[in-house]
Ligand SMILES: Cc1cc2nc3c(=O)[nH]c(=O)nc-3n(C[C@H](O)[C@H](O)[C@H](O)COP(=O)(O)OP(=O)(O)OC[C@H]3O[C@@H](n4cnc5c(N)ncnc54)[C@H](O)[C@@H]3O)c2cc1C
Ligand code: SF4
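Protein chains in written order, with the numbering used here: chain P, 624 to 749; chain W, 8 to 850.
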């Protein structure tokens with residue numbers, strides 16, 4: 624197993640307990656913020672009023688390895704939301720992390736939820 | 008293996024026509040049977056002589072070269088540089104050079120012309136030069152180094168080009184012409200007179216009706232011209248441009264039939280009196296006529312290549328000698344029978360001394376056909392007139408409408424009206440029919456047409472016409488070019504700008520709800536944010552705008568490859584006090600930022616983490632700096648030279664002007680970044696002509712250049728207006744920038760914006776200088792609003808705790824250590840680790 628140059632890594636998150644990440648007021652509507660959980664960094668995108676209001680994906684850019692994904696722009700195409708990577712503008716679908724412009728790239732997806740004004744990281748869905 | 012006998016084809020001369028011949032010949036299948044050897048009199052492969060004068064504007068001879076060095080190698084052409092042919096032996100079928108003898112089966116003469124130097128006593132003194140080759144230009148350049156005055160002998164087309172070159176070299180330029188008027192070949196008396204007065208206004212002294220009798224040593228300057236009327240003129244440099252003579256030497260010596268006034272006689276197949284020897288280009292004489300232009304030379308090259316390969320479909324049957332050019336910035340055009348020599352012809356003239364415009368039509372006796380025309384001052388009439396003349400299109404009932412100024416638009420002969428046989432590009436002989444055929448075969452756009460037909464890639468004179476034909480034909484074929492910004496807005500950027508302004512729209516949501524659909528994307532969000540900022544100049548990080556910005560605009564810093572940011576304080580005009588310089592150094596040292604001086608005369612500090620940005624900026628602002636907007640699509644820097652403050656050549660205070668401009672336009676959001684520069688004299692040390700807005704000092708004020716850029720596709724800025732006062736300069740730039748902001752596409756630099764404006768530079772001059780759209784006052788007022796609303800965005804962020812909170816890397820954790828981003832030392836500073844991702848990592 625190889626290591627990133629970071630204190631962060633891209634290994635799958637296998638956390639089995641719910642973890643409180645932050646408060647709802649830390650989120651920025653229709654934009655991203657980053658939260659830390661151990662060696663993971665999670666980009667949280669908040670879409671108030673939409674069917675899915677909160678998305679969590681890895682903050683690490685799969686193409687460059689830099690912790691920047693929360694700073695990408697939120698986009699929408701034919702009703703689907705995606706994230707445009709800030710360095711080279713690849714598009715990643717928020718629902719499953721798949722890169723739309725390069726099939727070899729994928730963002731890790733985190734199971735996050737907004738409950739009573741709090742943002743929770745839940746065990747990965749099967 | 009069977010050996011096929013290769014035949015020897017020798018070409019003498021690797022000028023423009025010789026080169027075109029090689030390319031035409033190689034494109035034919037039969038070429039494989041031939042071994043091609045080319046003798047060049049000069050020490051470099053063929054270059055674009057038509058654009059020779061560009062050498063003075065960017066001094067890069069390499070850019071003029073017509074084919075890459077590899078072309079000759081790849082095509083197995085043996086190119087013998089600096090090996091002129093001295094003699095031809097037609098009996099033995101050989102040519103001789105200083106190095107060897109070579110056999111030929113067929114021989115092509117493409118030896119061009121040489122400049123005629125009139126037999127004046129003293130014409131061989133040092134600093135007496137000519138204007139034909141790159142070597143000549145190098146000599147003129149060297150001779151001008153310590154010179155003050157330059158004289159061109161000859162007031163024809165090339166003489167005026169040479170005078171412009173002398174002016175660009177910083178000399179006081181004079182033109183001496185033997186005839187009573189300038190350009191006697193192409194222009195009539197009225198046209199010549201007007202051209203003279205325009206050129207005199209540009210600071211070139213014109214002396215007509217002057218015969219030079221001798222050249223002697225000067226007293227004030229190096230040389231003295233003595234005229235037959237007893238007057239004298241002192242100068243440091245003399246350039247002879249008194250016409251050209253065909254270089255017929257090796258051919259004539261070999262007994263090929265010469266013309267009475269020089270040249271090698273050819274028939275319609277471009278064969279000389281010896282059917283194994285061809286002559287093409289300026290050395291060839293066809294029916295008593297020499298052709299001193301590239302287009303006819305190219306036609307001869309095509310013909311000779313075809314005939315040599317046994318293709319009898321091509322022949323040379325004369326050529327059109329019409330010309331359109333810009334001399335010292337003055338439009339001049341001459342079509343067909345400009346002097347009205349056809350018996351019975353009638354002429355119509357329009358002369359306006361106030362506007363400095365002159366136009367003449369020469370009509371057939373029945374008034375139905377256009378035989379010739381003369382234009383001075385405005386060439387926008389040229390393309391249409393040329394099409395009438397070349398294609399014999401019947402004139403409208405009132406032909407004067409073709410040259411009378413019209414308030415709204417030029418009398419365009421619409422692309423639809425042109426017959427298929429109409430030649431659009433005479434350099435490459437491309438007809439409208441050929442363009443249509445290319446479109447029918449699947450070519451979809453202008454660029455494709457240019458590369459497959461070569462149209463508009465010669466002298467470029469037909470570019471505008473070609474564009475209109477292609478666009479017209481595309482739309483006739485139902486190909487619609489979509490200008491929609493993205494799937495959320497069915498409008499172009501320009502239309503959205505208009506909607507925002509007219510409806511007073513202040514947020515993205517308002518706009519997408521009223522004029523768009525969906526939620527937006529990374530294309531439309533920043534574009535709309537920029538439009539909103541350009542219209543109202545509210546802080547880009549104000550609440551409703553945060554989610555719209557590109558990362559760089561969100562954090563007011565440029566994101567670098569490892570996820571850290573750069574910090575670029577504004578240093579207006581590149582002027583900085585030692586104390587300020589030290590304070591930048593201190594900040595950089597404290598945060599271990601990699602420090603580099605930029606091309607825009609300021610300092611970039613790299614490697615700050617998000618959390619450090621507000622801390623760093625607080626210190627910079629305390630030290631008196633402001634944001635440099637390096638992250639924004641907005642004014643970057645105004646580069647300057649020290650100008651008259653220090654430089655012995657400087658004629659205006661370029662630093663003060665640069666600082667004034669930088670402070671005036673800082674922060675204004677535009678469709679793309681904007682760069683400017685101000686030079687203190689024509690030596691142009693600030694490289695203003697490579698900027699969107701370039702200002703160059705003159706004795707009388709400022710010359711304004713517009714729409715240049717460096718980068719991937721460099722473009723020289725165009726001279727827009729001359730000798731402006733400070734006030735004029737500011738108001739023109741105000742209008743220009745605002746007009747650009749209003750009408751350009753997303754991410755379109757000023758250069759391509761202008762190229763895509765219908766009417767280009769001339770149209771822009773009309774709008775900005777002559778206020779043809781009646782917009783000037785509004786544009787200035789809108790710019791004033793933007794200038795008035797300026798604030799340093801970093802100051803605004805630091806004053807607002809909520810905005811400041813955006814700079815925390817994590818909402819739930821402390822700031823990450825800088826080491827997490829991966830740095831390694833290099834040459835005493837820290838740079839990003841070369842590779843962040845170990846390639847084995849499976850994602
Ligand atoms: C400043 C300038 C501006 C111009 N502007 C325009 C314009 O706007 N439009 C236009 O249509 N035309 C223009 N022209 C004219 C155009 O450049 C010429 O018509 C064209 O270059 C002719 O091509 P050519 O091959 O016949 O001759 P050249 O280009 O002169 O080439 C002839 C070559 O043959 C070489 N040569 C001569 N003798 C020998 C020998 N014995 N052995 C080996 N090599 C030899 C010479 O060294 C030279 O390199 C301009 C010319 C100049 C100088
Ligand atoms: S451009 Fe500026 S620095 Fe260069 S010579 Fe002129 S005044 Fe001097």
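C-beta: ideal position from N, C-alpha, C; glycine also. The model shown is predicted, which means the values in this text are computed figures rather than measured ones.
Rank the options by C-alpha distance to the C-alpha of residue i and give the top, closest one.
i, options, result
"residue 253 of chain W", "W:212, W:295 and W:280", "W:295"
"residue 213 of chain W", "W:228, W:21, W:161 and W:444", "W:161"
"residue 638 of chain W", "W:689, W:130 and W:680", "W:680"
"residue 314 of chain W", "W:456, W:283, W:590 and W:370", "W:283"
"residue 130 of chain W", "W:439, W:263 and W:221", "W:221"
"residue 604 of chain P", "P:733, P:718 and P:642", "The structure shown has nothing for residue 604 of chain P, since chain P only spans 624 to 749."
"residue 711 of chain P", "P:728, P:672 and P:743", "P:728"
"residue 689 of chain P", "W:771, W:176, W:616 and W:385", "W:616"
"residue 352 of chain W", "W:375, W:360 and W:341", "W:375"
"residue 206 of chain W", "W:469, W:673, W:339 and W:700", "W:339"
"residue 445 of chain W", "W:470, W:472, W:425 and W:481", "W:481"
"residue 57 of chain W", "W:731, W:539 and W:330", "W:330"
"residue 580 of chain W", "W:507, W:549, W:662 and W:626", "W:662"
"residue 323 of chain W", "W:334, W:309, W:333 and W:341", "W:309"
Need the endpoints of the alpha helix (DSSP H) that residue i sits in, please.
i, result
"residue 203 of chain W", "196-208"
"residue 391 of chain W", "389-398"
"residue 545 of chain W", "Unbroken run through residue 545 of chain W: none, as it is neither H nor E."
Reducing DSSP to helix, strand and coil, say where residue i ends up.
i, result
"residue 559 of chain W", "helix"
"residue 471 of chain W", "helix"
"residue 834 of chain W", "coil"
"residue 647 of chain W", "strand"
"residue 725 of chain W", "strand"
"residue 277 of chain W", "coil"
"residue 353 of chain W", "strand"
Are any of the Cβ atoms in chain P nearer than 9 angstroms to that of residue i?
i, result
"residue 557 of chain W", "yes"
"residue 816 of chain W", "yes"
"residue 432 of chain W", "no"
"residue 414 of chain W", "Low confidence applies to residue 414 of chain W: its pLDDT is 43, below 50, so where it sits in the model is not reliable, and the reading given next is rough at best. Judged by the 9 angstroms Cβ criterion, residue 414 of chain W is not in contact with chain P."
"residue 211 of chain W", "no"
"residue 520 of chain W", "no"
"residue 470 of chain W", "no"
"residue 925 of chain W", "Nothing about residue 925 of chain W can be read from this structure; chain W reaches only from 8 to 850."
"residue 418 of chain W", "With a pLDDT of 45 at residue 418 of chain W, under the threshold of 50, the predicted position of this residue should be treated as unreliable, though the coordinate-derived value follows. No, residue 418 of chain W does not count as interfacial toward chain P."
"residue 182 of chain W", "no"
"residue 681 of chain W", "no"
"residue 887 of chain W", "Here chain W has residues from 8 to 850 only, and residue 887 of chain W is not among them."
"residue 583 of chain W", "no"
"residue 827 of chain W", "yes"
For a cutoff of 9 angstroms on Cβ pairs, would you count residue i as touching chain W?
i, result
"residue 659 of chain P", "yes"
"residue 679 of chain P", "no"
"residue 724 of chain P", "no"
"residue 640 of chain P", "no"
"residue 653 of chain P", "yes"
"residue 714 of chain P", "yes"
"residue 699 of chain P", "yes"
"residue 739 of chain P", "no"
"residue 717 of chain P", "no"
"residue 691 of chain P", "yes"
"residue 747 of chain P", "no"
For the beta strand (DSSP E) containing residue i, name the first residue and the last one.
i, result
"residue 452 of chain W", "Segment: none, residue 452 of chain W is in no beta strand (DSSP E) and carries neither H nor E."
"residue 85 of chain W", "84-87"
"residue 181 of chain W", "179-183"
"residue 704 of chain P", "703-707"
Output needed in chain order: residues of the stretch 508-542 of chain W with a Cβ under 7 angstroms from some Cβ in chain P.
525, 526, 527, 528, 529 and 532
By the 8 angstroms beta-carbon criterion, what residues does the stretch 777-807 of chain W contribute toward chain P?
none
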